[in-house]
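See below for the structure under consideration.
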Amino acid sequence: MKYCKLIVLILLFVLVLSCDESFNPYGDFVERYAFNCILKSDENLQTATLFRSYRPDGFDPFTYTTDPSVFNADIRIWYDDSVFVFKDTSVVRQDTSRYKTPFSFYYNNQFQIGNRKTVELEVLLPNGRRLRSSSFTPSKIDFEDRSDVLVPSGNNNFIQIIWTSFDDGMFFLPKMTIRYNQNVNGRIEEKTKLVPLRYLSQGGESVPVFPTANASLTVVYNINAITRALDEISEGDPLKQNYSIYENLSFSVTAYDLPTTKYISSTGGSIDDLTVSVDVADYTNIEGGFGLFGSYSKKKYNQLRFFQNYIDSFGYNFIVEN
Amino acid sequence: MLSSNKLIFKNSFSVFFCLLIVVLGCDKEVSRTPVEPPPPQGFIYINSIPDGFTIFQNGRNTGRITPDSISYIEAGNYEIILKKKYFNDTLLIVTIDENEKFNLNVDLLSNPSMYGDLFLQTQPEGAEIILNDSSLNKNSPLTLEDFLPGEYGIKFRLFNHRELEITAIVQSSLLNSYFEELRDTSAWVDFQVFNSDIQSNSLTAITVDDIEKKWIGTLDAGLINYDEQNFVSYNTNNSSIPANRINCISIDNQNNIWVGTDLGIGVFNGSSWTVYNRNNSGLTSELINSIKFDNSGNVWIGTASNLVKFDGASWTLYNEPSGKDWINDIYIENDNKLWLGTRADGIRLFENQAFDSLIIFDYGYPSNTISSIEADNFNNIWFCFLPDTAGRGGVSRWDGTAFLNFLLGTFDNNVNNISIDGQDNKWISTTEGFIYFDSQNNSTVFNTLNSLVTTDNIRASVRDQNGIIWVTTIGGGLNKYKPPN
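From first to last, the protein sequence lines are chains A and B. Each position in the first sequence, counted from 1, maps to that position plus 6 in the working numbering. Each position in the second sequence, counted from 1, maps to that position plus 2 in the working numbering.
So this is what it looks like as structure tokens:
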């Protein structure tokens with residue numbers, strides 16, 4: 007009996023010691039890669055970024071201030087029976103609050119995408135790893151004839167633009183801007199004013215609501231929002247005659263492809279024309295890494311113009327373009 | 003005994019239970035990112051002779067050009083195709099073992115099917131063939147065998163024919179044939195925008211200065227100077243010339259070039275321009291049709307609204323009393339007697355400061371619109387006529403008492419200009435071809451059907467000291483005619 011108790015004690019001792027294991031919350035660091043590129047239809051310059059994950063010393067990630075870009079990668083995009091090779095370059099970083107070293111990116115200025123074309127990506131990293139992806143560029147957008155052409159539009163208190171597209175469920179981002187010249191001490195400066203859909207009252211303040219990417223094939227601008235935007239152009243300046251408004255408004259719709267649409271959906275946020283957040287945690291279509299490879303197609307609507315009387319009512323000059 | 007067995011069983015069970023706890027107690031579930039296998043290290047270096055071939059890997063364009071490599075690839079079979087414009091495709095199957103570094107050297111020049119043949123033929127035959135600026139010392143027709151595919155600059159050179167330069171393409175495994183017709187330049191040589199540096203094919207007036215430079219007016223490119231080497235244009239973009247449309251050109255005894263335009267007169271002294279228009283001269287019309295010089299140093303100008311005399315300082319306007327003063331051309335018989343060719347008002351005389359008319363009904367010349375006036379070596383005066391409501395196009399000779407009419411071509415033929423050389427040959431420019439009258443007035447017509455003149459729409463001509471006739475055309479550029487001796 008005494009012998010048995012001794013055995014049990016030894017076993018319990020072994021049990022306690024055998025489970026002792028030093029625990030490292032980091033685990034083994036494995037370098038990962040994030041590639042981001044959204045191909046554009048409205049210009050030849052295509053840009054891409056390629057970053058690697060890193061582990062800072064200590065627990066504060068902000069102690070790591072070196073640009074995590076990966077250099078010397080071989081980035082190729084197959085589009086329309088051609089191969090386009092991206093070159094790397096770097097520019098001085100404007101915002102040095104996070105990283106101190108120059109901002110690096112890859113570019114190719116030889117192509118712009120068309121509609122409904124397959125694009126394929128292969129990134130060969132300097133260590134031999136490959137990232138791959140593919141996408142299908144967005145379909146053409148056609149604006150419908152029943153879209154408004156004049157601002158203001160008859161007795162309506164809104165402006166509506168309607169378009170069609172083959173793509174079902176993709177996201178579209180409308181954008182309306184007013185173009186104007188401002189006479190600043192005799193020098194003419196050309197400027198633009200982004201027009202919100204409407205203004206919302208929040209906590210006693212009026213807050214502009216701008217369009218975000220969504221699947222709708224129409225957009226409606228409140229005429230009061232356009233009036234308010236026109237007012238804001240010269241807000242605080244009594245010399246209204248220093249402002250000249252162009253007859254034609256600038257209106258465009260950006261159509262996103264499926265990966266970009268999914269990305270926007272997953273983040274629930276809006277997206278601008280050029281950049282994608284580096285830490286795309288919610289969605290990736292990059293095989294072998296993270297990030298986003300997508301495309302967008304932008305179509306301008308050239309029919310929208312102001313009534314001269316409407317612009318005159320603000321005291322502004324009116325610029326007619328042929 | 004039974005109790006002892008029970009005790010043994012109880013103790014054994016306790017030990018087994020404790021061992022089970024030891025085994026199970028250390029079991030932990032820890033989630034970790036799976037470790038990726040290292041990338042494959044397979045590598046193919048592809049070199050070709052010649053280089054510059056696009057590398058396709060398994061049917062896909064890699065965007066790489068030989069010599070280049072495909073790296074970090076897995077073991078296996080790879081279909082490599084080398085492609086280059088004009089060359090046959092070359093297919094290679096490469097098997098790579100794990101982490102193998104493979105060098106693929108392909109000598110495409112050792113493959114006879116890569117080469118092509120080139121057959122060069124000309125009409126007429128016998129042209130010297132120059133390949134990429136080196137003469138082959140061989141004449142057409144010629145077959146060149148086993149040529150490397152590509153583009154070759156070929157020139158054909160044959161006496162009395164325009165040198166022709168082509169780009170010949172040689173493709174693998176093909177007989178690449180070129181048949182070229184060489185333009186005969188034994189009589190006619192053309193200078194057009196597509197085959198020379200001339201700035202326009204629509205030319206109006208032409209004259210030759212005393213150093214044999216040709217001064218050529220255009221409808222759209224200003225004044226052109228041609229020294230038989232280079233065409234130099236003076237236009238509104240690079241000079242002070244009043245307009246790019248030139249109606250007439252004359253050279254004074256100081257070798258100044260006077261051009262009449264729709265916007266006044268430009269005078270070029272070889273380095274700078276002087277412009278006369280309504281703002282700085284006595285001109286009341288800026289549409290200048292004719293500029294001539296008398297022996298007293300006066301400049302006589304025919305405009306769309308009057309006859310003008312410029313003596314170098316002052317301007318004098320002469321208006322015919324009826325007010326019909328559109329003057330197309332002037333011929334100065336002497337300082338006091340000028341022949342005027344008008345638009346729609348027939349032939350007029352300006353003699354001793356007074357106007358007179360030779361009325362068509364009295365003299366029977368072809369029409370009331372005169373385009374050009376010139377005198378022959380026997381002081382006969384030749385008039386060119388354009389069709390109008392009063393009559394048709396043609397030529398008429400005034401011998402001092404009567405007109406002798408030559409009705410050239412169809413009723414609507416515009417007879418634009420006449421020039422008469424030292425042998426009393428008349429060279430007549432019409433819209434239906436170029437017409438030659440010898441001293442006996444025997445005529446020969448040169449048109450696109452029977453000669454190598456570039457168009458039938460001839461505007462003017464001039465003979466240089468070498469006997470060469472320079473012909474301006476509308477649409478066909480400058481033509482050079484070498485009359486037979």
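Beta carbons: idealized from backbone N, C-alpha and C, even for Gly. All values derive from a computational prediction rather than experimental measurement.
Which bits of chain A does residue i rub up against, with CB to CB less than 7 Å?
i, result
"glycine 65 (chain B)", "Arg82, Val89, Val91"
Apart from the five residues on each side of it in sequence, which residues of its chain come closer than 7 Å, Cβ to Cβ, to residue i?
i, result
"asparagine 121 (chain A)", "Thr143, Pro144, Ser145, Lys146, Ser303"
"aspartate 278 (chain A)", "Residue placement at aspartate 278 (chain A) is flagged as unreliable, the pLDDT there being 49, under the threshold of 50; the coordinate-derived value follows with that caveat. So no residue of the chain qualifies."
"glycine 321 (chain A)", "Lys246, Gln247"
"methionine 3 (chain B)", "With a pLDDT of only 49 at methionine 3 (chain B), under the threshold of 50, the placement of this residue in the model should not be trusted; the figure read from the coordinates follows. Taken in chain order, the list of residues that qualify is empty."
"threonine 475 (chain B)", "Leu205, Thr456, Thr457, Asn459, Ile460, Arg461, Asn481"
"glutamine 425 (chain B)", "Ser441"
"asparagine 308 (chain B)", "Thr286, Ser287, Leu319, Tyr320, Asn321, Asp327"
"proline 485 (chain B)", "Gly469, Ile471"
"isoleucine 372 (chain B)", "Asn330, Asp331, Gly343, Thr344, Ile349, Phe385, Cys386, Phe387"
"lysine 86 (chain B)", "Gly54, Phe55, Thr56"
"aspartate 63 (chain A)", "Thr69"
Measuring alpha carbon to alpha carbon, tell me which residue in the options is nearest residue i.
i, options, result
"leucine 120 (chain B)", "B:Pro143, B:Asp135, B:Asn113, B:Lys103", "B:Pro143"
"asparagine 178 (chain B)", "B:Leu146, B:Asp192, B:Asn203", "B:Leu146"
"glutamate 81 (chain B)", "B:Pro69, B:Asp212, B:Phe58", "B:Phe58"
"alanine 261 (chain A)", "A:Ser319, A:Ser301, A:Arg311", "A:Ser301"
"asparagine 141 (chain B)", "B:Ser175, B:Thr124, B:Thr286, B:Asn101", "B:Thr124"
"glycine 262 (chain B)", "B:Thr403, B:Asn239, B:Leu225", "B:Leu225"
"glutamate 49 (chain A)", "A:Ser75, A:Phe117, A:Arg82, A:Asp73", "A:Phe117"
"phenylalanine 413 (chain B)", "B:Gly402, B:Thr433, B:Leu406, B:Asn419", "B:Thr433"
"aspartate 527 (chain B)", "B:Gly272, B:Asp378, B:Thr450", "Residue coverage of chain B in this structure runs from 3 to 487, which leaves residue 527 (chain B) outside it and unanswerable."
"proline 108 (chain A)", "A:Pro132, A:Ile229, A:Asp73", "A:Asp73"
"valine 277 (chain B)", "B:Leu93, B:Phe104, B:Asn258", "B:Asn258"
"glutamine 312 (chain A)", "A:Ile165, A:Phe299, A:Ser88, A:Ser222", "First, the amino acid is wrong: residue 312 (chain A) is phenylalanine here, not glutamine. Ranking the options by Cα distance to phenylalanine 312 (chain A), first place goes to A:Ile165."
"aspartate 337 (chain B)", "B:Asn139, B:Asp296, B:Ile303, B:Ala306", "B:Asp296"
"serine 318 (chain A)", "A:Tyr252, A:Val98, A:Thr224", "Checking the sequence, you will find aspartate at residue 318 (chain A) rather than serine. The option with the nearest alpha carbon to aspartate 318 (chain A) is A:Tyr252."
"phenylalanine 270 (chain B)", "B:Asn281, B:Ser252, B:Val37", "B:Ser252"
"phenylalanine 363 (chain B)", "B:Gly393, B:Leu184, B:Glu376, B:Asp212", "B:Gly393"
"threonine 55 (chain A)", "A:Asp86, A:Pro67, A:Tyr70, A:Thr95", "A:Thr95"
Quick one: which chain B residues come within Cβ less than 7 Å of residue i?
i, result
"arginine 135 (chain A)", "Pro41"
In chain B, which residues lie less than 9 Å from residue i when you measure between Cβ atoms?
i, result
"leucine 298 (chain A)", "Under the 9 Å cutoff, chain B gives no residues; its nearest Cβ is about 21 Å from leucine 298 (chain A)."
"leucine 45 (chain A)", "Here the premise fails: no neighbours, minimum Cβ distance about 16 Å."
Below 8 Å on C-beta distance, what does residue i contact in chain B?
i, result
"leucine 130 (chain A)", "Ser73, Tyr74"
Excluding five sequence neighbours on each side, which residues of the same chain lie with their C-beta closer than 6 Å to the C-beta of residue i?
i, result
"aspartate 80 (chain A)", "Leu130"
"glutamate 196 (chain A)", "Asn187"
"asparagine 308 (chain A)", "none"
"phenylalanine 35 (chain A)", "Arg61"
"proline 202 (chain A)", "Pro214, Val215, Phe216, Ala231"
"arginine 66 (chain B)", "Ile57"
"valine 282 (chain A)", "For valine 282 (chain A), the predicted structure reports a pLDDT of 49, less than 50, and the residue's modelled location is therefore unreliable. The matter cannot be settled from this model."
"tyrosine 289 (chain A)", "Lys268, Tyr269, Ser272"
"asparagine 300 (chain B)", "Lys311, Asp313"
In chain order, what residues of the same chain lie with their CB nearer than 8 Å to the CB of residue i, ignoring the 5 residues before and after it?
i, result
"valine 464 (chain B)", "Ile208, Thr209, Val210, Lys216, Ser421, Ile471, Trp472"
"proline 323 (chain B)", "Phe357"
"isoleucine 95 (chain B)", "Asn79, Tyr80, Glu81, Ile82"
"asparagine 232 (chain B)", "Asp199"
"valine 157 (chain A)", "Ile165, Ile229, Ile232, Leu255, Leu310, Arg311, Phe312, Phe313, Tyr316"
"asparagine 49 (chain B)", "Thr68, Pro69, Asn105, Leu106, Asn107, Val108"
Would you list the one or two residues that DSSP bridges to residue i?
i, result
"alanine 377 (chain B)", "B:Ile383"
"isoleucine 75 (chain B)", "B:Gly44"
"threonine 56 (chain B)", "B:Ile67, B:Lys85"
"phenylalanine 312 (chain A)", "A:Val157"
"isoleucine 471 (chain B)", "B:Arg465, B:Tyr483"
"aspartate 390 (chain B)", "B:Gly393"
"valine 191 (chain B)", "B:Lys482"
"tyrosine 302 (chain A)", "A:Lys46, A:Tyr262"
Query - Residue ranges of each beta strand (DSSP E) within the stretch 92 to 170 of chain B, 3 or longer - result: 92 to 98, 103 to 109, 118 to 125, 130 to 133, 136 to 141, 144 to 149, 152 to 159
Query raised in the report: What runs of the beta strand (DSSP E), each 3 residues or longer, lie entirely inside the stretch 292 to 368 of chain B?
Result: 301 to 305, 309 to 312, 317 to 320, 329 to 336, 339 to 344, 349 to 353, 356 to 360
Requested in this report: Taking only runs that begin and end inside the stretch 79 to 125 of chain A, name each unbroken beta strand (DSSP E) of 3 or more residues, in chain order.
Outcome: 80 to 85, 88 to 97, 109 to 114
Query - beta strand (DSSP E) segments (min. 3 residues) lying fully within the stretch 210 to 293 of chain A - result: 211 to 215, 224 to 228, 249 to 252, 256 to 262
Query raised in the report: Can you give, in chain order, each stretch of the alpha helix (DSSP H) that sits fully within the stretch 170 to 250 of chain B and has at least 4 residues?
Result: none
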